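Chains as they are written, first to last, in the numbering used here: chain A, 8 to 368; chain B, 7 to 110.
Built from N, CA and C at the ideal position, the CB exists for glycine as well.
Bear in mind the structure is a predicted one, so any value in this text is a computation, not a measurement.
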């Protein structure tokens, strides 16, 4: 019988990951000449300023539509657009600006990072550190704080994620708890002690704005303030989940090669704008210094060494679904990504998990 | 006590770039600034063990390739999360086209 995974960040899997060298390990990287990589890593304010102007204009425009058409069915398309911009595209802005790669100018990254963190109900301090851990120990059980679908998968939970209900139910109470000065043991495991007070302060600022919005809604006797601030985290989060779940779902865990545990998926241009090219996710994990606008170029450069990308989101979900069903019974089962003949092989000594044994149980 | 060692030739480092230098079981990073001055620091990020020589030099800043942690490579100052501990710097001089660092 396979051993159950312990996803706590201070439990037995954590100890095992550290003892076996899976924690903070050396990861595989495709060879890229320094000169080329230096060009790819170059920062520029231009693309992110352009995209941010479009983003803010679309947010303000759709918000105006919500206010204007309040009480009529004409509000629906505006809610749709505003919700996705607020509840989904904020995730990619949070992510890219957290890496500091969106803009060349530091303060621009910081401003957009804090605005996007607020939109997502994410503590900007806590999540900066959790994401650093996610990059150090991607899908290492007991270490990675951002494993979206654990094994065996909870399919009801995964389905509910598309509605934003679970995230909302987690994010808001978490901010309240942090605002009262309490960090969980898991949070303390990846936020350095000297930074923990900043996480509490950030949570308090977020709560101040939410309380103010509730007060304004009561004073105006209107739902509009809450439909614009806070609730889009519920009704607009589906695109973030649709794209984000595909990053690692159904793939290997406890390996040190992003080609095995991360997925690149070709997407339509609108989703790529909302997602800021994070569909090139293997490339991003291998080289997090490369800005979002250079990821297509990086992809072309290294795709000979990567598994063939899924041609669409639909294709990726169709591929994942049977794997999730299998994991309900055999949680060691996973989808092994095949490499093209031009790629360097996986390092077998680290990655040869015995899935045939799991399947035969 | 000073212990000057030859790290590289001047031309080994491009302007606004960094290279790795290993010596005596230690790893250093050698920088050439946009003003054509040379600097040296420890070779690993103070946050996690990543080679800074794989990172990006922008003006006075070296950005770690692993988590994008930033340091001022001239002073070693950590510029914010996820790096909190300053980087050790070393005196540098250029003699006869060679970059020398004092690792003493």
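Using a Cβ-Cβ distance cut-off of 8 Å, the segment 127-137 of chain A and the segment 66-73 of chain A are not in contact, since fewer than three pairs of beta carbons, one from each stretch, lie closer than that value. For residue 36(B), the pairing in a beta bridge is given by DSSP as 25(B), 46(B).
Per the C-alpha coordinates, the member of 109(A), 294(A), 285(A), 335(A) positioned closest to residue 40(A) is 294(A).
Under the three-state reduction of DSSP output, residue 84(B) falls in the strand class. Taking 8 Å as the CB threshold, residue 298(A) stays off the interface with chain B. In terms of Cβ geometry, residue 86(B) and residue 71(B) do not form a close pair [threshold 8 Å]. At a cut-off of 8 Å between C-beta atoms, residue 66(B) does not count as an interface residue with respect to chain A. Counting the other Cβ atoms within 10 Å of the Cβ of residue 149(A) gives 16 or more, which makes it buried. If you draw a 10 Å sphere on the C-beta of residue 100(B), you find fewer than 16 other C-beta atoms in it, and that means exposed. Counting the other CB atoms within 10 Å of its CB gives residue 310(A) a total of 16 or more, which places it among the buried residues.
Between residue 185(A) and residue 207(A), the gap from beta carbon to beta carbon is short of 8 Å. The Cβ of residue 54(A) sits no closer than 8 Å to any Cβ of chain B. Closest by C-alpha distance to residue 269(A), out of 203(A), 323(A), 308(A), 241(A), is 323(A). Within its own chain, the residues whose Cβ lies closer than 6 Å to the Cβ of residue 284(A), once the five positions on either side in sequence are excluded, are 299, 302, listed in chain order.
For residue 44(B), the closest alpha carbon among the candidates 19(B), 9(B), 84(B) is that of 19(B). Beta-bridge partners assigned by DSSP to residue 300(A): none are found. Taking all protein chains in view, the Cβ of residue 229(A) is surrounded by fewer than 16 other Cβ atoms within 10 Å, so the residue is classified as exposed. Residues of the segment 81-93 of chain B that bring their beta carbon within less than 7 Å of a beta carbon in chain A comprise 87, 88, 90, in sequence order. If you look at residue 14(B), you'll find it in the beta strand (DSSP E) that goes 10-15. The C-beta separation of residue 22(B) from residue 38(B) comes to about 7 Å, placing the pair in contact by the 8 Å criterion. Contact note: residue 199(A) reaches chain B through 90, using a C-beta cutoff of 7 Å and chain order.
The C-alpha of residue 192(A) is placed about 39 Å away from the C-alpha of residue 27(B). Secondary structure note for residue 67(B): its beta strand (DSSP E) is the uninterrupted segment 67-69. When 9 Å is used as the limit between beta carbons, residue 155(A) is near no residue of chain B, the shortest such separation being about 20 Å. Annotation for residue 77(B): the continuous beta strand (DSSP E) segment containing it runs 76-78. Taking a Cβ-Cβ threshold of 8 Å, the residues of chain B close to residue 108(A) are 74, in chain order. For a Cβ distance threshold of 7 Å, residue set 296 of chain A lies close to residue 71(B), ordered along the chain. Within the segment 199-257 of chain A, the complete alpha helix (DSSP H) segments of 4 residues or longer fall at 200-227, 231-235, 239-242, 245-251, listed in chain order. In terms of CA proximity to residue 341(A), 327(A) leads the group 347(A), 352(A), 348(A), 327(A). A straight line joining the alpha-carbon of residue 73(A) with that of residue 86(A) spans about 6 Å. Assignment of residue 335(A) by DSSP, reduced to helix, strand and coil, places it in the helix class. Judged by their CB atoms, residue 347(A) and residue 297(A) are not nearer to each other than the 8 Å cut-off.
Contact note: residue 50(A) reaches chain B through 64, using a C-beta cutoff of 7 Å and chain order.
For residue 136(A), the chain B residues whose C-beta falls within less than 9 Å of its own C-beta are 87, 88, listed in chain order. A distance below 8 Å separates the beta carbons of residue 252(A) and residue 155(A). Residue 124(A) is classed as buried because its beta carbon has at least 16 other beta carbons within 10 Å across all chains shown.
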